[in-house]
Amino acid sequence: MNAIASIEQREKLVIVGNGMVGHHCVEQLIERGALARFEVRVFGEERQRAYDRVHLSEYFSGSDAEALALGDAELYATPGVTLHLGEAVLELDRERREVVTGNGRYPYDRLILATGSYPFVPPIQGSEGAARLVYRTLDDLDGIRAAAASARRGVVVGGGLLGLEAANALKSLGLEAHVVEFAPRLMPVQLDGEGGAALRARIEALGVGVHVSRATQAIVAGEEHRYRMNFDGGEFLETDLVVFSAGIRPQDTLARACGLEVAPRGGVVIDGDCRSSDPHIYAIGECASWNGSVFGLVAPGYAMARNLAAALAGQAATAFSGADMSTKLKLLGVDVGSIGDAHGATPGARSYRFIDEGGSSYRRLVLDASGKRVIGAVLVGDNSYYDTLLQYVQNGIAVPVDPAALILPQTGGAPALGADALPDSATICSCHNVSKGAVCAAIDGGCGDLAALKSCTKAATGCGGCAALLKQVFEHELSARGVSVDKSLCEHFAYTRQELYALVRVEGIRDFAELLARHGKGHVGCDICKPTVGSILASCWNQPIMDPSLVPLQDTNDTFMANMQKNGTYSVVPRIPGGEITPDKLIVIGEVAKKYDLYTKITGGQRIDLFGAQLHELPLIWEELIAAGFETGHAYGKSTRTVKSCVGSTWCRYGVQDSVKMALLLEDRYKGLRSPHKLKFAVSGCTRECAEAQSKDIGVIATEKGWNLYVCGNGGMRPRHAELFATDLDDETLVRLIDRVLMFYIRTADKLQRTSVWREGLEGGLDYLKQVIIDDSLGLAVELEAQMQHVVERYECEWANALKDPEKLKRFRTFVNDRRADPGVHFVRERGQRRPIAAAELHLIPTTEEVL
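Everything in the sequence shown is counted per the numbering used here, starting at 143 for the first residue and increasing by one.
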């Protein structure tokens, strides 16, 4: 590094804008030693120093401005750096090379414009009267919160990334939320038609109204609400507040006023060195236009900042040549991914599409004309495929013989490349341009934990979308070097699931906030730790999952206590213990199905599934079912599902034990038991095995002397036979051993780990499990049984609990404060029965060649 020159000798570098890109530029200038040449002065129009706009919605979840701040405040105390907050630059005097603010004039030798963008508000008549709320800054969010205090319904104009984030914000503030989009689908830039329709179906199912192909003509006074939005064609929607999020425009006002060249569609025109038409002025981020394009993601802005900082520091710099606009998001809890040429616009491109009706997911894989290279992808509902597909696109990795394998659910996600299969040039973090080679070098340089690695390389500190891949590469490289791997659940908890379970149990912790305050870091948690902790709390204390403190931890199905289907409707599955049901109860199910026009099907677990219920109908349906003596079947949860049985000795001439009676006993005991993954049981009355007990997590088969117990089998994507665990057990011993096995599994399994995978990972295998459970080698038997008994005694039907609470019932409305049905649901015939079909699903029905 050159010796630092005196202040008089150093050039004056002014940066206008202290957003994410401007802040990253300051970091890079300091890191690259540019302060030896420049005295840096930074102007920020906002009162807060640079903060994370990517996670802006967390501001409504309890994060304060400081929690969202980027880096430490000490960065701007670095000698040679001066930060002016709340001081807007009003004018650029290019002739005198000065910036003008309300406090005076400041000279510059080089100037960097990092002014970002501003929200576009369509020229709608009456929009001024709607207070012109926008979703861009912390002050904007404060304004939205204040306006929401006296509102019941809110509308977001714009169905793009920020628009859906804004809708989520309104929903979190307790408002009925609607999204109005001019285009025919949501997220039109990132998603294709089918992907946009799938996203719409999922978001509507969460209670957010979606109105696409709507052009707002005027905003006038409303009758039932404060405003009425009049759409082209005569339709209208009333609301109490309007948030505009209809896209962004480059903030190029200063550039225009001083005569810099500006692109026809806005943005300061720059070359590959980020230089404007004035050789002393540069532009980076969303205010810059390169080759006619403005980039609205943080990664391209960071790339510009890195390249420019290197050049100003006198280092070799790569010219900016565009950027990958791939993005991975979670919008209102829904996974959305868009990679490369998501629309298949490349000449000759060919596509594979997969529609998962059971999981309500949509995936599209786009190949080039040769069919040998992945050039794009669309994901809605499941981003577990994202990291692998992104590597195929970015590194030109040859596709498998059957490219469809990349999006088919053969092994729970796209066939993983494995960290060892990635070349050193593979980009792990696109925001900070961190390669696998750079990660390996940092590990070799002494980064021994994930936090140190992030700090050193900056990987996963931008949008955060690469966090899972970074963790995978990090752990693989540590293992390859013979170093033990940190198994922390996530960045908020430096514990495994098993350790968190112990903390919750021993300390009697009853909610997520308390656990985070005592043993975690951060303010709100993430999509890894929230559902994991939610499952742990349910396993320990069996509190109703609809309790206010637990609702934010639940996945979609648990949130509404029903399985959401591909068309946005729900299925209702009452518990039918052991498959035994009376004629009267059968009649009730039939009457309910006819009354609500539900599609009916008998499941493999000997229950009756009622498909097609709309959100507002769920309480009505369950009210009738519970009045008839039914309980929730927990088909929506990671919990005990069913206990399947044959007819046993009561009817069958081969039966040696009463399998139905045992199935009833087991299902009554373990109903509602929450666990790391779903649990299925079966009881067969003889060795002919009609209940298929040996394919279940807990299988029981009758013998002449009692019962044989089988454990840790399951079907699904990794079928595995259960293993014989104990033989000729009496009823009491059988139940006692099952108590111990299940509670030991709940205590020690990893998140979302099925019993079969858990068993395979036990050091010592089945023999070890027998020692712990049967021989009590760890002295846990009494404790495990007591914990199970506590859960059993705490059981309460979750739907019965919800029906007694008017506040909980408010969740089950398609429209907040309105009990009307969803007008977007239509009906078709399905094998002689009427099946609901959401309007969005009409766009999802594929042609023959599109279906894999």
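Every residue, glycine too, gets a C-beta built ideally from N, C-alpha and C.
The model shown is predicted, which means the values in this text are computed figures rather than measured ones.
CA-CA distance, residue i and residue j?
{"i": "Thr469", "j": "Ile254", "result": "27 Å"}
{"i": "Thr553", "j": "Ser314", "result": "At Thr553 the pLDDT is 43, less than 50, meaning the model places this residue with poor confidence; the figure from the coordinates comes in the next sentence. Their Cα atoms are separated by approximately 35 Å."}
{"i": "Arg238", "j": "His422", "result": "12 Å"}
{"i": "Pro487", "j": "Thr897", "result": "Going by the sequence as given, residue 487 is Ala instead of Pro. Each residue's Cα considered, the two are about 45 Å apart."}
{"i": "Ala288", "j": "Gly775", "result": "42 Å"}
{"i": "Gln536", "j": "Ala833", "result": "49 Å"}
{"i": "Ser577", "j": "Thr603", "result": "14 Å"}
{"i": "Gly513", "j": "Tyr528", "result": "20 Å"}
{"i": "Gly814", "j": "Leu303", "result": "37 Å"}
{"i": "Thr674", "j": "Leu920", "result": "26 Å"}
{"i": "Ala441", "j": "Leu212", "result": "15 Å"}
{"i": "Gln359", "j": "Ala388", "result": "15 Å"}
{"i": "Gly518", "j": "Arg505", "result": "11 Å"}
{"i": "Ile426", "j": "Gly443", "result": "6 Å"}
{"i": "His226", "j": "Ile157", "result": "10 Å"}
{"i": "His574", "j": "Gly305", "result": "26 Å"}
{"i": "Leu767", "j": "Cys598", "result": "58 Å"}
{"i": "Pro761", "j": "Gln696", "result": "19 Å"}
{"i": "Phe616", "j": "Arg448", "result": "24 Å"}
{"i": "Leu112", "j": "Ala176", "result": "One cannot answer for residue 112 here, as it falls past the ends of the chain, which runs 143 to 994."}
{"i": "Arg783", "j": "Leu531", "result": "34 Å"}
{"i": "Asp872", "j": "Tyr637", "result": "39 Å"}
{"i": "Val522", "j": "Leu341", "result": "6 Å"}
Please indicate yes or no: does the CB of residue i lie closer than 7 Å to some heavy atom of the ligand COA?
{"i": "Arg179", "result": "Absence of the ligand COA from the depicted structure is noted, as is the absence of any ligand whatsoever, leaving it without description."}
Residue i: buried (16+ other C-beta within 10 angstroms of its C-beta) or exposed?
{"i": "Glu905", "result": "exposed"}
{"i": "Pro719", "result": "buried"}
{"i": "Val478", "result": "buried"}
{"i": "Ile651", "result": "buried"}
{"i": "Leu728", "result": "exposed"}
{"i": "Tyr796", "result": "exposed"}
{"i": "Ser787", "result": "buried"}
{"i": "Lys847", "result": "exposed"}
{"i": "Thr724", "result": "exposed"}
{"i": "Ala928", "result": "exposed"}
{"i": "Arg936", "result": "exposed"}
{"i": "Pro818", "result": "buried"}
Report the three-state DSSP secondary structure of residue i (helix, strand or coil).
{"i": "Tyr910", "result": "helix"}
{"i": "Leu353", "result": "Just to set this straight, residue 353 is His in the shown sequence, not Leu. Note: His353 maps to strand in three-state DSSP."}
{"i": "Thr875", "result": "helix"}
{"i": "Ala290", "result": "helix"}
{"i": "Ala360", "result": "strand"}
{"i": "Gly479", "result": "strand"}
{"i": "Asn372", "result": "strand"}
{"i": "Arg901", "result": "helix"}
{"i": "Gln931", "result": "helix"}
{"i": "Lys154", "result": "strand"}
{"i": "Gln836", "result": "helix"}
{"i": "Gly848", "result": "strand"}
{"i": "Arg417", "result": "strand"}
{"i": "Asp870", "result": "strand"}
{"i": "Cys794", "result": "coil"}
Across which residues does DSSP place residue i in a beta bridge pair?
{"i": "Trp764", "result": "DSSP lists no partner for Trp764."}
{"i": "Lys822", "result": "Thr784"}
{"i": "Pro406", "result": "Partner(s): none; Pro406 has no beta bridge."}
{"i": "Pro686", "result": "Paired residue(s): none; Pro686 is not in a bridge."}
{"i": "Glu240", "result": "Asp235, Pro249"}
{"i": "Ala211", "result": "Tyr193"}
{"i": "Leu920", "result": "According to DSSP, which records beta bridges pairwise, Leu920 is partnered with nothing at all."}
{"i": "Trp432", "result": "Ile412, Ser435"}
{"i": "Asp751", "result": "Lys743"}
{"i": "Lys470", "result": "Gly479"}
{"i": "Glu380", "result": "Arg370"}
{"i": "Val276", "result": "Phe386"}
Step through the CB atoms of chain D and report whether any lies within less than 8 Å of the CB of residue i.
{"i": "Ala291", "result": "Among the protein chains of the structure shown there is no chain D, as only one such chain exists."}
| Is there contact here, the stretch 208–217 with the stretch 187–197, by at least three beta-carbon pairs under 8 Å? | yes
| task | Spell out a yes or no on whether the stretch 300–315 and the stretch 440–456 are touching, meaning 3 or more CB-CB pairs, one atom from each, closer than 8 Å. | result | no
| contact_flag[the stretch 675–691, the stretch 731–740] where n(CB pairs < 8 Å) is 3 or more | no
| Counting pairs of Cβ atoms below 8 Å between the stretch 875–893 and the stretch 912–927, do you hit three or more? | yes
| If you pair each beta-carbon of the stretch 323–333 with each one of the stretch 344–364, do three or more pairs fall below 8 Å? | yes
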